[in-house]
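For reference, the structure is listed below as structure tokens.
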Amino acid sequence: MIKHTTVMGRLLAYNVILMLYVCGSVISAVSLDNEKMIDSKVLNVGEELQRETLPLQMGSRLYRLNGLKSSTWYEVKISCPASIPASFSIQLIRDKSDIEHNWNRRLLNTEKLIFNADSNDIPDHQSLDQSEKYVLVSVEPAGVVAIPGVKERELVLFNIVCDELLLGIPHKAIWVGVLVVICLGVACIVPSFLPPYLLVRKQKS
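Per the working numbering, the sequence shown runs over residues 1353 to 1557.
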């Protein structure tokens, strides 16, 4: 009786181990399939990728960020034609294994993402410097076609760029701020060089 019980216990243990192995294999296969289904590209800091396309229905793409500097703030921004009703989401993830984990908690209408290269605001609270840096871009339709007989678009067109920030301003836009400061300075200085009668006439008017 004791031997019979021991044999049954071993068989049960073997069955449990076998089931765990099969489940693990299935989960790994599904994860690999999901990674293969999502295409990936490289997004260099300061270089805008133009005319990118994604399927409008649940389209997604993984961008590996290249050229990040430590202790620096960055902004990943998406721009698309207003004629295409689409909702984008941008997520910062640690590596490809986090794609499935983050897919169910993505936020739409986040077409801009600001982050620090040393931020810990990623899964498992691990530093970005400990692994590669990715942004997962996904899109869904945000409306319906209003014109009867017009087929809904299958692809959405967009541009994406990752810019380094200085005082919260992208490097490429700094010259705009400098120009504004110069214009304000000129507007304050020029009146002091005008003839007095012009200033008096202006005050009377």
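Using N, Cα and C, we set each Cβ at its ideal position, and we do this for glycine too.
Fair warning: this is a prediction, and the values are worked out from it, not measured in the lab.
Exercise for review: Give the single residue among Val-1428, Glu-1463 and Gly-1537 whose Cα lies nearest to the Cα of Leu-1517.
Suggested key: Val-1428
Check your understanding: If you compare alpha carbons, which of Ser-1392, Glu-1463, Glu-1506 and Glu-1492 is closest to Leu-1414?
Key -> Ser-1392
Review point. Among Phe-1510, Cys-1535, Gly-1537 and Ile-1541, which residue has its Cα nearest to the Cα of Cys-1432?
Key: Phe-1510
Check your understanding: What distance in whole Å lies between the Cβ atoms of Ile-1512 and Val-1489, which are believed to be in contact at a cut-off of 8 Å?
Key -> 7 Å
**Study point:** Beta-bridge pairing of Asp-1515 - partner residues as DSSP gives them
**Key:** Glu-1427
Check your understanding: Among Leu-1465, Ser-1435 and Ile-1436, which one has its Cα closest to the Cα of Leu-1444?
Key -> Leu-1465
Practice item. With DSSP as the reference, label Gly-1537 as helix, strand or coil. Key: helix
Check your understanding: In chain order, what residues of the same chain have a beta carbon less than 6 Å from the beta carbon of Glu-1463, not counting five sequence neighbours either side?
Key -> Ile-1430 and Phe-1440
Practice item. Please determine, among Leu-1536, Met-1410, Gly-1398 and Gln-1402, the residue with the shortest C-alpha to C-alpha distance to Lys-1421. Key: Gly-1398
Point to revise | For Arg-1416, the nearest candidate out of Cys-1514, Ile-1541, Val-1538 and Lys-1485 (CA to CA) | key: Lys-1485
Check your understanding: What is the DSSP secondary structure of Val-1394, reduced to helix, strand or coil?
Key -> strand
Point to revise | Per-residue DSSP class, three states only, for Ile-1436 | key: coil
Exercise for review: Following the continuous beta strand (DSSP E) through Ser-1412, name the residue where it begins and the one where it ends.
Suggested key: 1411-1418
**Study point:** Bridge partner(s) assigned by DSSP for Ile-1466
**Key:** Glu-1427
Exercise for review: Have a look at Leu-1519, Gly-1537, Cys-1514 and Glu-1492 and flag the residue whose alpha-carbon is nearest the alpha-carbon of Glu-1506.
Suggested key: Glu-1492
**Study point:** Length of the line joining the Cα atoms of Cys-1514 and Ile-1369
**Key:** 47 Å
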